[in-house]
Structure formats: structure tokens, C-alpha cells
């Protein structure tokens, strides 16, 4: 939550200036919360998130600029440490509900990226091209799995997740004056 | 902040901030403070006037181009104590076990300076005779001097009866604006009607705050 403000202000400034610019938002591994809050975890010597018990799932909300700014998600990327036969996976998931009537949340996995091998530091990324125009009814979250179906221990960690996005520019009707002389 | 000129920016003492708050807000009773999980020894507590006639009327409200929404998933809330008994469900909602010490959890919300707060809407599930409630809370301290916290409940929204899945909303009083110079803002959920552990079958899916820059 603490990252909403800078990204929102940046987005508003860019929209006001009419610039097109790729933006990014990062979530530190230590900002993830255990799926079960009592699950145990630790900070690795590199400052990454590791699990220490049996629970291996952690979540964080993705702090995108506040709706009604429209975005195009472009990439999900992760960094961490992997000296394990197991892998770390991060999913970008949105949960949507009807705006004014009771409804069961609809879950959509938008991207899914994993570490591979066991050679130490890892970086992995997945390209996307997904329009975000529904933050009034949806929340965007990151689900980290530190080891498939089991905790990978200190051999598997998550340092950072980054999501790259573009702001959707308003349609310019007048290509010469860019609507500047309307009214 | 609310219904008051921006003269607060000129206030540099706790006396000034206190006088402002007391003139505009309704003091909480001792039981109300206790229900909030607060302690009267460590500050003063207020609430703004309820706007019951407007409950759920945001569905009829036209959305201007500048209207913004900030949403917080249930799992972003942190239990004030006893985290081991809280959990997320499979859609990022927040729940807790009945043997928890407290039903309270909180999430900070970051808003732009001067934004006008309009509506607090929540989504969740309620399968219990107890209800969950969510409060939008402002906590202020003097700008450059030490001082106790002045806590104000800006609005409260709650489930009712046991409808299963639900969504409902409450309006804030007009001209309720954000003052990041003096204050922090948070939403606080109570997964029970009373401050005595969590009630079963209550979960908070998400909270949405509607505001204008």
C-alpha cells in the first residue's frame, strides 16, 4: 500500500504532460505476507524472503496507480536466489467482483514466472500485453510460491518482483492542436 | 481537516490541532474507544457525523473523469496482535480463527495531499449472526512538536445479518480531505461485532476508497 502514492502521482504527471513512458513498480520480497499469517519466514543473508516452516505461499498486493488511470501491463520479472532443486514461482493474479452487487471473486492468473536451475542468483521474466481498466472492481496481487508444494528453505528466496507497464494515452482527436483549442 | 479551512497548516502547536479537532468532531465515548481497540490514556478519539441516508447510494452516483479508486485486498491487512490466527483465503481475502485474541487488523492507505474522500465500499462474506465492520481512520499529531495522537473515525461500514457474500458502502461527510502533513490514514477491520476474538464465517475480500484529487 505504501507505494500507491508515488506511482499515482507519477502517472498523473505523465498523463498531464502527454508523454508516453514505460513505468515500473517493484515489490520487495520482504513486503510479502504469508498466505497463512502464522507461517514462519526469514530474511536471507542477501535480504531476500525465505520460508522456514512448511508453508511456502506468500502474497502482496501490486501497487498500481489508482483507478481510473488505464495501464497496459508489459512484463512480470522476478529476482532472487536459487541453489535448490526446487524453484520459486510468482504469479500475477487479479481478483474481480461486481461493483454494487454481492458476488464471488473471479480469479484470473495473468502471468506466471519461475526461477530455474540452481546456480545462485536468478532473474526470470515474462512479457505481457494486458490492458488494466478495471481497478474499480479488481485488485491485482502477486502470489509467491517458494518451492513447489513445499518450502524450499534457505536455498530458495525471492528478492524482488517488478511489473513494467505503459500508461494508456487519451485519444487525440485533433492531431495538429491535440485538442488544445477545444471550446 | 474536515469542514475546516486549511488553517491547520498554520498550526504548529498541539493546542491548535486539538482545538480544531474538538470543534469539528464528535468525541467517542469510553466504550466506543475500547471497541476500537484504543486507550484513552494515549490520545483523544473522535468520529465524524454519520451519513446513513447515503449508504449504498454510490451505485447511483455519476463517475466524473477525475474520480479515483484505491483498493486494498483483505490479505494486505495486518492483525494488530495474534497474527498466527489470521489467514488469507484463496482470493486474497482476510479471515481469522475463533480462538484469536483480537478480531482487529489494519492496513494503511496512501492518498494524495488534499484529495477529497467520498465513499468507503467493502466486499466480503458474512455467514454469522455477528457482523464485520470496517472503519476509515485518521490519526494526527502536531506538525513539529511531540504530542498524543488525535484519532478520528472518518466513516464506518458494516455487514448486516448473515447474507453470505455482500458488498456495501458508506459516504464520508462533504469536504473530507486528506492532510498528509499532520495525519496518517488507515482502514481497520473488526471480524466480529464485539471485541472478543473473531467470529466464525466472516471474511473481508477487499476495501475500496473513492476519492477525487
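Protein chains in written order, with the numbering used here: chain R, 70 to 252; chain C, 2 to 214.
Where is the CB? At the ideal position from N, CA and C, for every residue including glycine.
Owing to the predicted nature of the structure, the values given are computational and were not obtained by experimental measurement.
- At a cut-off of 8 Å between beta-carbon atoms, residue 103 (chain C) makes no contact with chain R.
- Against residue 171 (chain C), chain R offers no close residue; the least beta-carbon distance is about 14 Å (beta-carbon pairs closer than 7 Å).
- Residue-level contact by beta carbon holds for residue 169 (chain R) and chain C, with a gap shorter than 8 Å.
- Identification of chain C residues near residue 208 (chain R) by a Cβ-Cβ cut-off of 8 Å yields 72, 73, 74, 93 and 207, ordered along the chain.
- Secondary structure of residue 133 (chain C) (DSSP, three-state): coil.
- Between residue 180 (chain R) and chain C, the shortest Cβ-Cβ separation is not below 8 Å.
- For residue 158 (chain R), no CB of chain C lies under 8 Å from its own CB, so it is not counted at the interface with that chain.
- In terms of Cβ geometry, residue 133 (chain C) and residue 173 (chain C) do not form a close pair [threshold 8 Å].
- Under the three-state reduction of DSSP output, residue 76 (chain C) falls in the helix class.
- Within the same chain, 70, 72 and 122 come within 6 Å of residue 209 (chain C) by CB-CB distance, once the 5 residues on both sides are set aside.
- Interface flag for residue 164 (chain R) against chain C is set, since a Cβ pair is found closer than 8 Å.
- Neighbours of residue 135 (chain R) in chain C, taken as residues at a C-beta separation under 7 Å, are given in chain order as 69, 70 and 71.
- Straight-line measurement puts the Cα of residue 146 (chain C) at about 41 Å from the Cα of residue 58 (chain C).
- Per DSSP, residue 64 (chain C) has no beta-bridge partner at all.
- Straight across, the Cα-Cα distance linking residue 162 (chain R) with residue 179 (chain R) is about 6 Å.
- Between the alpha carbons of residue 154 (chain R) and residue 184 (chain R) lies a gap of roughly 11 Å.
- Bridge pairing for residue 186 (chain C): C:139 [DSSP].
- In this structure the segment 94-107 of chain C touches the segment 196-208 of chain C; the number of beta carbon pairs closer than 8 Å is three or more.
- Residue contact check for residue 205 (chain R) against chain C: a CB pair falls below 8 Å.
- Of all residues in the segment 138-154 of chain C, none has a C-beta nearer than 9 Å to a C-beta of chain R.
- If you draw a straight line from the Cα of residue 211 (chain C) to the Cα of residue 137 (chain C), it is about 12 Å long.
- The segment 143-153 of chain R makes no contact with the segment 81-91 of chain C, as fewer than three CB pairs between them are under 8 Å.
- Shown here, residue 92 (chain C) sits in coil according to DSSP, grouped into three states, outside any helix or strand.
- About 16 Å separates the CB atoms of residue 140 (chain C) and residue 178 (chain C); that is not less than 8 Å, and the two are not in contact.
- When DSSP states are grouped into helix, strand and coil, residue 99 (chain R) belongs to the helix group.
- Residue 228 (chain R) and residue 218 (chain R) have their alpha carbons spaced roughly 20 Å apart.
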